[in-house]
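Residue numbers (the working numbering), protein chains in the order written: chain A, 1 to 245; chain B, 246 to 704. For every residue, glycine included, the Cβ atom is placed at its ideal position computed from N, Cα and C. Since the structure comes first, as structure tokens, the remarks are kept for the end.
What follows is the structure, encoded as structure tokens:
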């Protein structure tokens, strides 16, 4: 099928390798992948900061550019959640055709094998918007049978060992502009997450959300450079080694 | 001071902040364990949510039903439109009885109305009898947590407070001895009080009775000894039927402290012979909140504080970092109803992680309401001008592909310098990634140019 791939602004500019990995993964699965020029951003930075009206243009552009695709995929849970919620609020059916990458692979594509190998200990950071917003897994507050779509996909990767965390889904403290308006709490939360991952032997921290990893990776670079932050698309597409192995 | 500035101060002592985080996280873990023991926990939450939703839709009817039943039982019912009227009513009752000393069990409503200050100004001594609340009262401080008012204090600090105010030996640090000192001190207060005031956890419309939950039995000690019992409640505390207690009492203690139930769940129906029993029903902005469709569900809150304990921001900034007397996520959606300018930064003291909504026993969509308050507060001009400017510029750039591409190239060019200078709130503690030579879109354009034209062009 022809898929619309939405690469959000900060991934486009700062983490092009994540976009390439998602692109390559979807192409490997036999899809035609198209990346429209607009919009650059889902609008969430403005909306979460209290300026929802400034984000309306982004959502309108998204609607105009992506409505022609049967399915739209994006390697950023947070952006997908914002788009879905904005579209749902406008009762636009497109809301049900936008998928976070793991959700697409797990629910729509139903992948049961991946040609990826990553013989490392990996900590999975469950991004809040992916977990509690999109339902990519069961959150720890909820008394229901445990499941995690990202973890299930990672289990298909040869040699990869997931580490067990003490707090499996505590927020990393990024929170969009929270990270700059409340830097002390944000950094404190990030450090605690890193301690949990590193303390359980993780060599890599991965997530379906690059924004959390931008924050955690920024701290890792300064404080624990032996641990790396990599997006789940890079692991699933088997292209971490090429980038930062 | 802003929440961010207060949090900055709180985090200056990282070891203490870590202890605070760990202490409250343990309460969350205990809640998880207790909740897991109830087979239908999620169904119970759903039932509680629906009962509250229904009650809020007919609040006036249930309140009037409660009033007539309570009056028939011999309870004197009073209505207060705001905190001031509440304080006047309480003082009036106490003055009529010549009360000099009032013992009070935990009531966040009286904190909300600043009752203690009002009564003290009228020469009435008020003794908070909840242990945690008594400790912070002796310090002349408000509670930092609505269920565990002194959770921010360490044992040795309690020892200092007791040494200063209760005359215990200096350096007392043993939980048993401290508790005994508190017990002896409070016992004297109960025996010499002229009146008792309690909060209300649930008021039942069909019976006219009410339930007060404590772990220390202090509400009972006060109410059973004093000739006058005044119970103060916000109007949202009403539930329609006695059988609904079976839902809420199972949720409350498990969510609050990870106990299967509170040690005391005391049911009050009528005054004992010779006693006077009063109940004060307080609005104080609740009707206004009821009229705000987006925020109405905040009135379903049963004050368990599970959202405090789970909130990663609360745990790392402490109750005193919030400007409203109810801190944490629930406080942050209640406070703007009272004063948007004064508490305008509270809805921003959150990463919107959603843990609060997921843990809430009555399923309040707390994080969604936080986001809605952000829009309203900003639209009414309570945001700093530079933030508005920054957001306008960001919005402008992100909407125009050519401008965005140019800004991206510029940003990547200057990124190493920004990383080196560490001047902004991001790079002060966090590195930015190494600047890639090419954006994804630039890479894609180059790759597609190099490819032979596709046979089936995209739609």
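| Query | Result |
| --- | --- |
| Proximal residues to residue 505 (chain B) (C-beta, below 7 Å), its chain only, five neighbours per side dropped | 279, 498, 499 |
| Min CB distance residue 576 (chain B) to chain A below 8 Å | no |
| Identified DSSP bridge partners for residue 410 (chain B) | Answer by DSSP bridge pairing: none, since residue 410 (chain B) is not bridged. |
| 9 Å Cβ cut-off: residues of chain B touching residue 62 (chain A) | By Cβ distance, chain B contributes nothing, its closest Cβ being about 11 Å from residue 62 (chain A), past 9 Å. |
| C-beta neighbour in chain B for residue 67 (chain A), strict 8 Å | no |
| Rounded separation between residue 624 (chain B) and residue 580 (chain B) - CA only | 17 Å |
| Given residue 178 (chain A) as reference, the closest of A:12, A:46, A:17, A:42 once Cα atoms are compared | A:46 |
| Enclosing beta strand (DSSP E) for residue 229 (chain A) [first to last residue] | 228-231 |
| DSSP three-state assignment for residue 601 (chain B), whether helix, strand or coil | helix |
| Proximity to residue 366 (chain B) [Cα-Cα], best of B:675, B:687, B:634, B:346 | B:346 |
| 8 Å Cβ cutoff, residue 620 (chain B) in contact with chain A | yes |
| Given residue 175 (chain A) as reference, the closest of A:216, A:16, A:34, A:115 once Cα atoms are compared | A:216 |
| Residue range of the alpha helix (DSSP H) that includes residue 180 (chain A) | 178-181 |
| Cα-Cα separation between residue 409 (chain B) and residue 431 (chain B), rounded to whole angstroms | 16 Å |
| Buried versus exposed, by CB contacts within 10 Å (16 or more), residue 538 (chain B) | exposed |
| Neighbour flag for residue 558 (chain B) against chain C, beta carbons, 8 Å | The displayed structure is made up of protein chains A and B, and chain C is not among them. |
| Partner residues on chain B for residue 44 (chain A), Cβ-Cβ distance less than 9 Å | Correct list: empty, because the minimum Cβ distance to chain B is about 10 Å. |
| is_contact[residue 31 (chain A), chain B] using C-beta, thresh 8 Å | no |
| Selection from A:58, A:221, A:99 that minimises the alpha carbon distance to residue 38 (chain A) | A:58 |
| Burial state of residue 682 (chain B) (16 or more Cβ within 10 Å) | exposed |
| Candidates A:159, A:187, A:158, A:137, of which the one nearest residue 169 (chain A) by Cα | A:137 |
| Chain B contact residues for residue 146 (chain A), given Cβ-Cβ distances below 8 Å | Chain B residues near residue 146 (chain A): none, gap ~12 Å exceeds 8 Å. |
| The region 451-471 of chain B / the region 344-359 of chain B touching (three or more Cβ pairs under 8 Å) | yes |
| Secondary structure of residue 522 (chain B), DSSP reduced to three states | strand |
| Run of the alpha helix (DSSP H) containing residue 223 (chain A), from where it starts to where it stops | 210-223 |
| Enclosing beta strand (DSSP E) for residue 124 (chain A) [first to last residue] | 121-124 |
| Within chain A, the residues that residue 636 (chain B) reaches when beta carbons sit closer than 7 Å | 46, 49, 51, 54 |
| Helix, strand or coil at residue 552 (chain B) according to DSSP, with G and I counted as helix | helix |
| Cutoff 8 Å: residue 12 (chain A) Cβ touching any chain B Cβ | yes |
| Neighbourhood of residue 467 (chain B) by C-beta distance below 8 Å, restricted to the same chain and skipping five residues each side | 348, 349, 350, 374, 435, 438, 441, 442, 443, 474 |
| Under 9 Å from the C-beta of residue 277 (chain B): neighbouring residues of chain A | 140, 141, 143 |
| For residue 244 (chain A), three-class secondary structure by DSSP | Note that residue 244 (chain A) has pLDDT 48, beneath the 50 cutoff, so the model's placement of it is unreliable and the number below is only indicative. Residue 244 (chain A): helix per DSSP, three-state reduction. |
| Status (buried if at least 16 other CB within 10 Å, exposed otherwise) for residue 240 (chain A) | buried |
| C-alpha distance - residue 15 (chain A) paired with residue 685 (chain B), whole-angstrom precision | 8 Å |
| Below-8 Å beta-carbon distance, residue 502 (chain B) vs any chain A residue | no |
| Proximity test, Cβ basis, 8 Å: residue 104 (chain A) and chain B | no |
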